[in-house]
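In our numbering, the protein residues as written are 1 to 84.
Heads up, the beta-carbon is just placed ideally off N, CA and C, and yes, glycines get one too.
Working notes for the structure below.
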Amino acid sequence: MFLRVTRLALAALCVGWLAMEARAFELTADNYKPTRDFILPKPGEETWRDIPWRVVFWDAVIDANKEDKPILLYAMNGHPFGCT
Numbered sequence: 001m002f003l004r005v006t007r008l009a010l011a012a013l014c015v016g017w018l019a020m021e022a023r024a025f026e027l028t029a030d031n032y033k034p035t036r037d038f039i040l041p042k043p044g045e046e047t048w049r050d051i052p053w054r055v056v057f058w059d060a061v062i063d064a065n066k067e068d069k070p071i072l073l074y075a076m077n078g079h080p081f082g083c084t
């Protein structure tokens with residue numbers, strides 16, 4: 001029983017702390033540009049866009065065999081945000 005109360009109190013403190021931290025930042029005209037520049041990707045962070053990705057798996061197999069390269073297959077099941 002004591003452990004359950006302790007966990008509940010700790011969880012309540014964490015939620016309260018996060019709520020206070022969430023209110024600490026306010027977007028204004030003065031801090032908009034630095035915030036935008038911080039969030040936007042830098043030039044070297046989007047190099048994955050330069051890769052000639054294949055949407056059709058068989059096209060990737062043919063190209064990989066020609067160039068003797070491996071294939072990265074990304075597959076998922078379900079909604080990308082976990083909303084099923």
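- In this structure, the CA atom of E45 is about 27 angstroms from the CA atom of E26.
- Just so you know, the alpha carbons of T6 and A12 end up roughly 10 angstroms apart.
- The beta carbons of V55 and I71 sit no closer together than 8 angstroms.
- Bounds of the alpha helix (DSSP H) holding P34 are Y32 to I39.
- Straight-line spacing of the CA atoms in W53 and G16 works out to 44 angstroms.
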